Amino acid sequence: MPATSDPLQTLAERFAAAIARAFPQAADADPLITPCKTPEHGDYQSNAAMGLAKRVGKKPREVAEAILLNIDVGDLAEPLSPANIAGPGFINIRLRPDALAGALREFDTPALGVTPASPAQFMIVDLMGVNLSKQMHVGHLRSPVIGDAIARVLERLGHTIKRQNHVGDWGLPIAMVISRLQRQAASGQINLDHITLDQLDTAYREAQAECQRDMAGLEAARKFGLGPKVLAELEEQVAGATEAFLAARATLIKLQAMDPEAHAIWKKIHDVTMKVCLDVCRTLNVNVTDADSAGESSYAPELAAMVDDLVARGIAQTSDGALVVHLDDPAFGHIKEPCLIRKTDGGYLYATTDVCAIRRRVQKFGAQRLIYAIDARQNLHLRQVFGASIKAGYSLHPRTGQPARMEHAAFGSVLGEDGKPFKTRSGESTKLADLIQETFSRAGQAVKTRNPDLSDAELHDIGAAVGIAALKYADLSTDRVKDYIFSFDRMLAFEGNTGPYLLYALVRIRSIFRKAAERGVGDAWKTTAHATHAPAEKQLALALLRYPGALKSTGESLEPHRLCTYLYELAGAFSVFFDQCPVLAATDEASRDQRLRLCDLAAKVLADGLNVLGIPATDRM
RNA sequence: GCGGGCGUAGCUCAAUUGGAUAGAGCACCUGACUACGGAUCAGGAGGUUGCAGGUUCGACUCCUGCCGCCCGUACCA
Numbered sequence: 012m013p014a015t016s017d018p019l020q021t022l023a024e025r026f027a028a029a030i031a032r033a034f035p036q037a038a039d040a041d042p043l044i045t046p047c048k049t050p051e052h053g054d055y056q057s058n059a060a061m062g063l064a065k066r067v068g069k070k071p072r073e074v075a076e077a078i079l080l081n082i083d084v085g086d087l088a089e090p091l092s093p094a095n096i097a098g099p100g101f102i103n104i105r106l107r108p109d110a111l112a113g114a115l116r117e118f119d120t121p122a123l124g125v126t127p128a129s130p131a132q133f134m135i136v137d138l139m140g141v142n143l144s145k146q147m148h149v150g151h152l153r154s155p156v157i158g159d160a161i162a163r164v165l166e167r168l169g170h171t172i173k174r175q176n177h178v179g180d181w182g183l184p185i186a187m188v189i190s191r192l193q194r195q196a197a198s199g200q201i202n203l204d205h206i207t208l209d210q211l212d213t214a215y216r217e218a219q220a221e222c223q224r225d226m227a228g229l230e231a232a233r234k235f236g237l238g239p240k241v242l243a244e245l246e247e248q249v250a251g252a253t254e255a256f257l258a259a260r261a262t263l264i265k266l267q268a269m270d271p272e273a274h275a276i277w278k279k280i281h282d283v284t285m286k287v288c289l290d291v292c293r294t295l296n297v298n299v300t301d302a303d304s305a306g307e308s309s310y311a312p313e314l315a316a317m318v319d320d321l322v323a324r325g326i327a328q329t330s331d332g333a334l335v336v337h338l339d340d341p342a343f344g345h346i347k348e349p350c351l352i353r354k355t356d357g358g359y360l361y362a363t364t365d366v367c368a369i370r371r372r373v374q375k376f377g378a379q380r381l382i383y384a385i386d387a388r389q390n391l392h393l394r395q396v397f398g399a400s401i402k403a404g405y406s407l408h409p410r411t412g413q414p415a416r417m418e419h420a421a422f423g424s425v426l427g428e429d430g431k432p433f434k435t436r437s438g439e440s441t442k443l444a445d446l447i448q449e450t451f452s453r454a455g456q457a458v459k460t461r462n463p464d465l466s467d468a469e470l471h472d473i474g475a476a477v478g479i480a481a482l483k484y485a486d487l488s489t490d491r492v493k494d495y496i497f498s499f500d501r502m503l504a505f506e507g508n509t510g511p512y513l514l515y516a517l518v519r520i521r522s523i524f525r526k527a528a529e530r531g532v533g534d535a536w537k538t539t540a541h542a543t544h545a546p547a548e549k550q551l552a553l554a555l556l557r558y559p560g561a562l563k564s565t566g567e568s569l570e571p572h573r574l575c576t577y578l579y580e581l582a583g584a585f586s587v588f589f590d591q592c593p594v595l596a597a598t599d600e601a602s603r604d605q606r607l608r609l610c611d612l613a614a615k616v617l618a619d620g621l622n623v624l625g626i627p628a629t630d631r632m
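Note that this note's numbering numbers the first sequence so that position 137 is 148, with each residue one more than the last.
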């Protein structure tokens, strides 16, 4: 009775034992079992002999032969002899049909071969990264899509995940908006009771402009040591801006003191922004709710004490009037640029908040792994924050003393088809909600041309499902660290490595079962023994059994495209099977039922995999 | 300047972390079916993996040096 349905695991154990017997001095060697790339070679292979050869001072083929003399795999593989040794020392393995059937039987449970991680870990995924008062645009697409997919993969592997939406909801930028809104409301230009995110977005940009437009010039003048006369002229010139700036600073102080009026406006901005944000999550089937919000404001009350702690313990030092944590040490990431945690004027920065967040996540929540689904351009910032947390000891688990694993799941930018940052023709950035609706609408149209019989209501739902699949899969299916080119046409293609293609593969399988029911095929197949006869059946079965491995590798690397590639290959294996192995028109009932079982498993794995990616399935399209 | 990332077929992307002949899709050719959803399958053509060295039985992968593009380089977030 194998502990796992994955023959690869069992083979790895057997090969490890054989290696230990043959070469006790190298008993720790990795047996290096992988699926064969081409079926001609076999089903699985061990690549251990080559690496072992040097270590034990023998020729690779001799090592391979020694392993085979000590191997015990008669129950699951066809007999291994020197004929199975190929090339420089690959050992090719073919599964016995009954072992493959047995593996399918083990695999065919709701877990689909996934053994829950032991021990399960508690992990936090940082995702979304929205800012109050700013409209969501394409730049906000990848973090929730990638972060949620990573969270789902890890959950599927048995870990406990807490999502954290680190909302940019605090500091001078927000105070500037509040200050401006107060003035606009007072003069009757806007109605705070019915304000929209578009209006807030405008106010945000205008507030930035009026406060910073000329401040930059003033800074430059000081920097270059211009005379007092020039400075005076400049200062007069920017008097208006300065006034707005001073008002914003006053507002910030009020906000920090929880002044009722300022806070009421803050709350309004918060609610309007978060509604749009959470609506987008819901529309995209991203599993993030209000409960996952932990904005910068929630850390504000903790910052002063934390910084005092850092000073008291000598972690932070003053530098040019500011307070920094030096990280120019291999233990802290060997980063030349220190992490700035307090400005000369006493204000805190986003690094301060991020360090504070790590402290809370590890010390209070007990997280063992912290994952940041954030733009690749933030890499230095995150490395600094990680380094500072390590130096401060905040990343050590409160009970076990173990360091939390901190990782930046970095992603590249979304580009337009011209290879430049994604913008509309007029140069504006598209609202994310509009972009999503356009995707759904195009998806619905694409489905309609292929299946004109669908009703409008069906098309609406299917358009959303296909649209989510297209949008998310395009984002998830390539190496996340690279920039990717946004193209409706490519993501909505129904052939190739796309979301719609995977949905289609699943729809075809489900269609078989619908047809089976129409033809009065009963449920007897459900108790038929698993088996594979035709090559296409075997390849499909082998592909199915790779599912747990694909999930594991994705969870380890935090690279959802690995799971995507796997699902695409599974869909491909099913298509070959579908082409070569008639199911309902099989020559006899036994092979029909046995093929139904394969179809059933393929549907389960596809649906499960899509769900893990955050893509809902559909029955028709 | 320093640091990080990227460079693979005409295009968009993979390559199980050092393994067998570098794989898919699109586009381009050629075949298969009066079809369990052809939105498919089989095959062909397409490559000096940016360049040059090095390590290795074996390199897209690791090391060194160049070239090109992107990003980041403390008192914004």
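Ideal Cβ placement from N, Cα and C applies to all residues, glycine included.
This structure is a prediction, so every number in the text was calculated from the model and none was measured.
By the Cβ neighbour-count rule, residue 491 is buried, with 16 or more other Cβ atoms within 10 Å of its own. Residue 546 holds the alpha-carbon nearest to the alpha-carbon of residue 589 among 444, 546 and 370.
About 6 Å separates the beta carbon of residue 106 from that of residue 18, a gap short enough to meet the 8 Å contact definition.
In this structure, the alpha-carbon of residue 57 lies about 48 Å from that of residue 443. Within the stretch 419-468, the alpha helix (DSSP H) runs of at least 4 residues that lie entirely inside it are, in chain order, 443-461.
Here the C-alpha atom of residue 631 lies approximately 16 Å from the C-alpha atom of residue 615. Annotation: residue 61 to residue 576 spans about 28 Å, alpha carbon to alpha carbon.
Straight across, the Cα-Cα distance linking residue 21 with residue 609 is about 22 Å.
Burial state of residue 308 is buried, judged by a 10 Å Cβ sphere holding 16 or more other Cβ atoms. The Cβ-Cβ distance between residue 215 and residue 144 falls below 8 Å. Less than 8 Å divides the Cβ of residue 476 from the Cβ of residue 514. From the listed residues 286, 183, 512 and 347, the smallest Cα separation to residue 267 is found for 183. Counting of Cβ neighbours within 10 angstroms places residue 202 among the exposed residues, the total staying below 16.
Classified as buried, residue 395 has 16 or more neighbouring CB atoms from the shown chains inside 10 Å of its CB. Here the stretch 458-473 does not lie against the stretch 165-183, with fewer than 3 beta-carbon pairs under 8 Å apart. Following the DSSP letters along the chain, one finds residue 78 inside the alpha helix (DSSP H) bounded by residues 71-81. Bridge pairing for residue 380: 134 and 416 [DSSP]. Nearest C-alpha to residue 408 among 78, 86 and 132: 132. Counting C-beta pairs closer than 8 Å gives fewer than three between the stretch 408-419 and the stretch 472-487, which falls short of the contact rule.
In this chain, the alpha helix (DSSP H) harbouring residue 526 covers 510-529. Between residue 494 and residue 440 the beta-carbon gap is near 16 Å, outside 8 Å, which marks them as no contact. Straight across, the Cα-Cα distance linking residue 527 with residue 617 is about 20 Å.
Measuring C-alpha to C-alpha distances from residue 402 to each of 464, 338, 354 and 451 identifies 338 as the nearest. For residue 283, the CB contacts under 8 Å within the same chain, skipping 5 residues up- and downstream, are 206, 207, 208 and 211 in chain order. In the three-state reduction of the DSSP assignment, residue 353 falls in the strand class, which pools E and B.
Scanning its chain for C-beta atoms nearer than 7 Å, with the 5 sequence neighbours on each side dropped, one finds around residue 523 the residues 594, 595 and 610, in chain order. A distance below 8 Å between beta-carbons, with the five flanking residues on each side excluded, links residue 602 to the following residues of its chain, in chain order: 544.
Comparing alpha-carbon positions, the option among 400, 489 and 275 lying closest to residue 373 turns out to be 400.
Between the alpha carbons of residue 428 and residue 342 lies a distance of about 42 Å.
According to the DSSP secondary-structure assignment, residue 57 is paired through a beta bridge with 44 and 102. In its chain, beyond the 5 residues on either side, 428 have a beta carbon closer than 6 Å to the beta carbon of residue 498.
Residue 535 and residue 583 have their C-alpha atoms some 28 Å from each other.
In this structure, 148 is the residue among 49, 138 and 148 with its C-alpha nearest to the C-alpha of residue 434.
The beta-carbon distance between residue 72 and residue 53, rounded to whole angstroms, is 17 Å. This is too long to meet the 8 Å contact definition. Per DSSP, the continuous alpha helix (DSSP H) segment holding residue 156 begins and ends at 153-167. In the displayed model, residue 191 falls within a helix according to three-state DSSP.
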